[in-house]
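Quick notes on the structure that follows.
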Amino acid sequence: MIIATAHSKGGVGKTTTALNLAALLKPDLIIDQDLHKGLSILNAQREQPYDVVVDHDSKELIRILRESSELNKLVLIDCGGFDSDINRKAIAASDLVIVPANDGPTEVIGLTQFDKTLVQISNEFDVAINAKVLLTRVNPNRKHFGDIEGFVERSKLMSKLTSKLPTRKEYSIAMYEALSVVEHPATKYSVASREVNALACEIRELLSIQ
Numbered sequence: 001m002i003i004a005t006a007h008s009k010g011g012v013g014k015t016t017t018a019l020n021l022a023a024l025l026k027p028d029l030i031i032d033q034d035l036h037k038g039l040s041i042l043n044a045q046r047e048q049p050y051d052v053v054v055d056h057d058s059k060e061l062i063r064i065l066r067e068s069s070e071l072n073k074l075v076l077i078d079c080g081g082f083d084s085d086i087n088r089k090a091i092a093a094s095d096l097v098i099v100p101a102n103d104g105p106t107e108v109i110g111l112t113q114f115d116k117t118l119v120q121i122s123n124e125f126d127v128a129i130n131a132k133v134l135l136t137r138v139n140p141n142r143k144h145f146g147d148i149e150g151f152v153e154r155s156k157l158m159s160k161l162t163s164k165l166p167t168r169k170e171y172s173i174a175m176y177e178a179l180s181v182v183e184h185p186a187t188k189y190s191v192a193s194r195e196v197n198a199l200a201c202e203i204r205e206l207l208s209i210q
């Protein structure tokens, strides 16, 4: 099973989402494709590091994903905020593509462009892409997201997750220790932790995984 966090727009919370999901989904392998290598850097600081692959090319990616699939492993891919051949192949191979998105005035523009990219990938690789928009870094008090929901209704390949990860100070507190909010002693009983748990449960149900 392969899960990717992906969006052509940077700064939307892909790495934060991947790090926090990893603590609950416990992937057998994490693939870091972000140019900033945020997950790899954080992983090097962890007392119990994940198995992370970084600095690989497209050919190696395909080999890794094929072998992982044959062994029924769970793989989590953090795609960078850019369009590239290697990110397109990662998206095409994924059973679920999580698309973190904020609620800024330009977000629908970014999602529209990424939707077009997903259509291109679907056509190029002849695959059905299961992409889910995840609202991240939004105002915790905001309840309605008509602009995003309107986009999702028009989207060819995206739908929206019920869960969301609003802006919370707990993410910074935990990440300073290279931890997720569900791991850090000061944040594991927080609202942020409950929201990450809800997201992980929703993903498990979508993919029928334990």
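Those letters in the sequence shown? Residues 1 to 210, per the UniProt record's numbering, in order. Note that CB positions come from ideal geometry on N, CA and C, so glycine has one too. Being a predicted model, the structure only gives us computed values, none of them experimental.
- Residue environment: Val127 is assigned as exposed (fewer than 16 neighbouring CB atoms within 10 Å of its CB, all protein chains considered).
- Taking all protein chains in view, the Cβ of Lys14 is crowded by 16 or more other Cβ atoms within 10 Å, so the residue is classified as buried.
- Taking all protein chains shown into account, Cys79 has 16 or more neighbouring C-beta atoms within 10 Å of its C-beta and is therefore buried.
- About 6 Å separates the CB atoms of Ile86 and Leu61; that is less than 8 Å, so the two are in contact.
- DSSP places Thr136 inside the beta strand (DSSP E), whose first and last residues are Ala131 to Thr136.
- Going by DSSP, Leu157 is part of no alpha helix (DSSP H) at all; its letter is neither H nor E.
- In terms of Cα proximity to Leu134, the closest of Ile209, Glu107 and His184 is Glu107.
- As the crow flies, the alpha-carbon of His36 is around 27 Å from that of Ser163.
- When DSSP states are grouped into helix, strand and coil, Lys14 belongs to the helix group.
- Per DSSP, Ile173 is not a residue of any beta strand (DSSP E); the alpha helix (DSSP H) it occupies stretches across Lys169 to Met175.
- Fewer than three Cβ pairs drawn from the region 1-8 and the region 169-180 lie within less than 8 Å of each other, which leaves the two stretches out of contact.
- Rounded to the nearest angstrom, the gap between the Cα atoms of Ala186 and Glu170 is 8 Å.
- Residues Asp103 and Leu135 of the same chain have their beta carbon placed closer than 7 Å to that of Phe145, with the five preceding and five following residues left out of the count.
- Residue pairing from DSSP places Asp78 in a beta bridge opposite Thr5 and Asp32.
- The closest CA to that of Val196, considering only Val12, Pro49, Leu42 and Leu21, is found on Leu21.
- Tyr50 has its alpha-carbon roughly 17 Å from the corresponding atom of Leu65.
- When the alpha-carbon of Ile121 is set against those of Leu111, Ala131, Gly150 and Ile91, the nearest one is in Ile91.
- The beta carbons of Asp83 and Val54 sit no closer together than 8 Å.
- Among the bridge pairs identified by DSSP, Lys164 is matched with Leu135.
- Around the beta-carbon of Asn43, 16 or more other beta-carbon atoms lie within 10 Å, marking it buried.
- A residue is called buried once 16 or more other Cβ atoms fall within 10 Å of its Cβ, and Asp115 is buried on that count.
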